[in-house]
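Enquirer: First residue of the sequence shown? That's 152 in our numbering, and the numbers climb one at a time after it.
Glycine included, every Cβ here is placed at the ideal spot set by N, Cα and C.
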Amino acid sequence: MTWQAEIDELHLRADMARQMGGPESVAFHKGRGKLTVRERLDILADPGTFAETGVLAGKATYEGRELEALTPANSVTGVVKIDGRKVIVHGGDFTIRGGSADGSVADKSGWAVKQAYSLKLPFIRLLDATGGSVRTFESMGRTYLPANDRVLDTELLQMVPCVSAVMGSVAGLPAVQAAMCHFNVMVKGTSQLFVAGPPVVKAGLGIEISKEDLGNEDIQVRTSGVVANLAVDEADALRQVRQFLSYLPRSVFHTAPVMPATDDPDRADDWLKDAIPRDRRKIYDPRKILSCVMDQGSVFEIGRWQGGSVITALARPNGFGARPLT
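Next up, the structure:
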């Protein structure tokens with residue numbers, strides 16, 4: 152007697168989980184111009200470095216003793232490497248019940264926060280989830296009880312870099328998580344962010360409103376300032392996440408990374424002597440000045456659409472890590 156049958160079932164269960172919500176749900180999701188959570192992780196991580204935790208979590212159905220089907224948890228979590236450094240990541244899977252709490256199996260998000268805290272690793276949330284719903288209350292037989300379960304999230308902010316990427320329609324608790332970070336970004340045209348969606352607004356206020364008018368990039372990036380940066384597409388959003396982390400240390404107990412300097416430290420742009428006009432009534436381009444003074448291509452601006460009279464950015468002088476500029 153061996154355990155081969157059980158091992159085979161574990162592999163089968165993992166394969167089923169990686170199918171996410173199934174071919175039809177995935178096709179519908181991608182038809183809206185969005186990537187799946189696993190495709191996002193492939194772009195975010197250094198190639199071949201994603202080590203998943205909790206892939207077996209799901210609701211299984213059996214025909215006798217044979218595994219017939221599996222509905223996996225609607226989130227994916229684990230450890231990736233970005234520029235060779237380990238990072239904890241948790242991503243919502245919108246192909247399974249819209250990433251809502253109804254489809255959750257085990258507390259993957261809680262595991263990710265605890266791992267980031269205990270291992271002192273940066274933490275990334277790829278948010279694409281609608282939070283809770285009335286169905287959750289029906290299954291529980293009650294509403295949520297008040298709880299102080301966000302303490303570790305706030306302590307994490309004091310220890311390691313935390314990033315949130317709004318990758319789709321995000322509401323409820325995930326909307327709160329979108330703001331519980333040091334840097335966040337949303338995607339133009341395909342992501343929205345709000346505490347409660349249009350049906351709740353209509354029920355509470357009697358106002359008809361679309362998801363876009365409630366929380367698209369015009370609202371959350373250009374008006375409210377809840378989200379710092381805007382990406383042209385999902386690949387750009389994930390690139391910005393990688394770039395932001397590249398300036399920062401792994402935790403408050405570590406130093407910022409030093410990158411190989413590709414810019415000549417003796418470079419001196421002759422244009423700088425005329426960069427600021429003598430006439431105070433004339434304008435000048437401070438972004439161009441920063442690009443000349445810092446390593447070329449290293450200036451990473453944050454919050455460009457808020458407080459237009461001030462530029463905030465991270466940049467590198469001679470390859471060194473985080474140097475905040477204001």
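Look at the alpha carbon of VAL327 and the alpha carbon of VAL346, and state the distance between them as a whole number of angstroms.
Expert: Answer to the nearest angstrom: the Cα atoms are 7 Å apart.
Enquirer: Which one of SER460, ASP197 and LYS433 has the shortest CA to CA distance from LEU389?
Expert: That would be ASP197, whose Cα lies nearest to the Cα of LEU389.
Enquirer: Per DSSP, which residues does ILE233 bridge with? Please list them.
Expert: According to DSSP, which records beta bridges pairwise, ILE233 is partnered with ARG236.
Enquirer: Compute the distance between the beta-carbons of ILE440 and GLU452, then report whether it is under 8 Å.
Expert: Contact flag unset, no.
Enquirer: Answer with buried or exposed for ILE158, where buried requires no fewer than 16 other C-beta atoms within 10 angstroms of its C-beta.
Expert: Burial call: exposed.
Enquirer: Leaving out the 5 sequence neighbours to the left and right, which residues in its chain are closer than 7 Å to VAL383 when beta-carbon positions are compared?
Expert: For VAL383, where only same-chain residues beyond five positions count, the Cβ hits under 7 Å are LYS339.
Enquirer: Would you list the residues sitting across from LEU272 in a DSSP beta bridge?
Expert: None; LEU272 has no bridge partner.
Enquirer: Could you check if LEU307 is buried or exposed, using at least 16 other CB atoms within 10 Å of its CB as the buried criterion?
Expert: The residue in question, LEU307, is buried, as its Cβ has 16 or more Cβ neighbours within 10 Å.
Enquirer: Identify, in the order they occur along the chain, each residue of the same chain with its Cβ nearer than 6 Å to the Cβ of ARG276, setting aside the five sequence neighbours on each side.
Expert: Excluding positions up to five away in sequence, the list reads HIS241, SER315 and GLN328.
Enquirer: Leaving out the 5 sequence neighbours to the left and right, which residues in its chain are closer than 8 Å to LEU207 when beta-carbon positions are compared?
Expert: So the qualifying residues of the chain are LEU161, ARG164, ALA165 and ALA168.
Enquirer: Exposed or buried, SER269, counting other C-beta atoms within 10 Å across all chains shown (16 or more means buried)?
Expert: SER269 is exposed by the Cβ-count criterion.
Enquirer: Measuring CB atoms only, is the region 243 to 252 touching the region 400 to 420, in the sense that at least three cross pairs come out at less than 8 Å?
Expert: No, the region 243 to 252 does not touch the region 400 to 420.
Enquirer: Is there contact between the region 225 to 234 and the region 185 to 204, where contact requires at least three CB pairs shorter than 8 Å?
Expert: As far as the Cβ criterion goes, the region 225 to 234 touches the region 185 to 204, which means the pair count is three or higher.
Enquirer: Assuming the contact rule is C-beta atoms closer than 8 Å, MET331 and ARG191 should be a hit. Round their C-beta distance to whole Å, please.
Expert: 20 Å between Cβ atoms; not a contact.
Enquirer: Give me the Cβ distance between VAL352 and LEU365, rounded to the nearest whole Å; I'm assuming they're in contact under 8 Å.
Expert: Between LEU365 and VAL352 the Cβ distance is about 7 Å, and since that is below 8 Å, they are a contact.
Enquirer: Measuring CB to CB, does ALA211 end up less than 8 Å from SER251?
Expert: Taking 8 Å as the Cβ cut-off, ALA211 and SER251 do not qualify as a contacting pair.
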